[in-house]
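Asks: Pasting a structure here, questions to come.
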Amino acid sequence: METFSRTHRGNGTLYTSARRRRIATSSWESFLTTVSWPEGEHPVISTVRIHVSLSIKKHASAEWPARRNLDLPDVAYVHIRDPVEANYGLQRKSTELTSSKADLSDAIKPVTFVGKHQRLLDGLASVTLNSLAMSTTDGSRLQTGLCYYKD
């Protein structure tokens, strides 16, 4: 599986994932590398560096994993299919979503969806649904749901 993200200047990042078939368990390795793609030419993919030295700041914290700072934006949210920014309201401790006319079965139109990986064993999720005027939905059938998955 390969995914290429191209910037407006013709450069970008390549994400590639490979599976080792010789190993009994299912093993995946993922790599991220830079790509140069001049206009009208083939892309040039940089060599993947297996050992990358990263300067990681160690914070003195008695709590692991460290809990999120509510004053900072949460980057753990995942959206799909070109989200419409006006449909998402991120507050300090909650998220307000405005429904889209398309649902998850539509493969082209943007849908209102937020996913988030749960990092802690304890947690709480709740949903409050407010009724919408028929004029705002254009007669479309709205679908809504909450899935709280822990692995």
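Under the numbering used here, the first residue of the sequence shown carries the number 2, and numbering increases by one thereafter. The C-beta atom is built at its ideal place from N, Cα and C for all residues, glycine as well.
(1) For Leu122, which residues in the same chain have their Cβ closer than 7 Å to its Cβ, ignoring the five residues on either side in sequence?
(2) What's the gap between the Cα of Ser127 and the Cα of Ala108?
(3) For Ile24, does the three-state DSSP call read helix, strand or coil?
(4) So, is Val112 buried or exposed, given that buried needs 16 or more other C-beta atoms within 10 angstroms?
(5) From the DSSP output, in three-state form, read off Glu42 for me.
(6) Go to Gly90, then tell me how far its beta strand (DSSP E) extends in each direction, as first and last residue.
Replies: In short, the structure shows the following:
(1) The count along the sequence shown starts at 1 and reaches residue 122 at position 121. If we look at Leu122 and ignore the five residues flanking it on each side, it has no Cβ neighbours.
(2) Locating residue 127 in the sequence shown gives position 126, counting from the first residue. Locating residue 108 in the sequence shown gives position 107, counting from the first residue. Rounded to the nearest angstrom, the two C-alpha atoms are 27 Å apart.
(3) As a working note, residue 24 is residue 23 in the sequence shown. Bear in mind that the predicted position of Ile24 carries a pLDDT of just 49, short of 50, making it too unreliable to give a figure here.
(4) In the sequence shown, residue 112 corresponds to position 111, counting from 1. So Val112 counts as buried.
(5) Within the sequence shown, residue 42 is the residue found at index 41, counting from 1. In the structure shown, Glu42 sits in coil (DSSP, three-state: anything other than H, G, I, E or B).
(6) For the purposes of this step, residue 90 is taken as residue 89 along the sequence shown, with counting starting at 1. That run of the beta strand (DSSP E) goes Tyr89 to Leu91.
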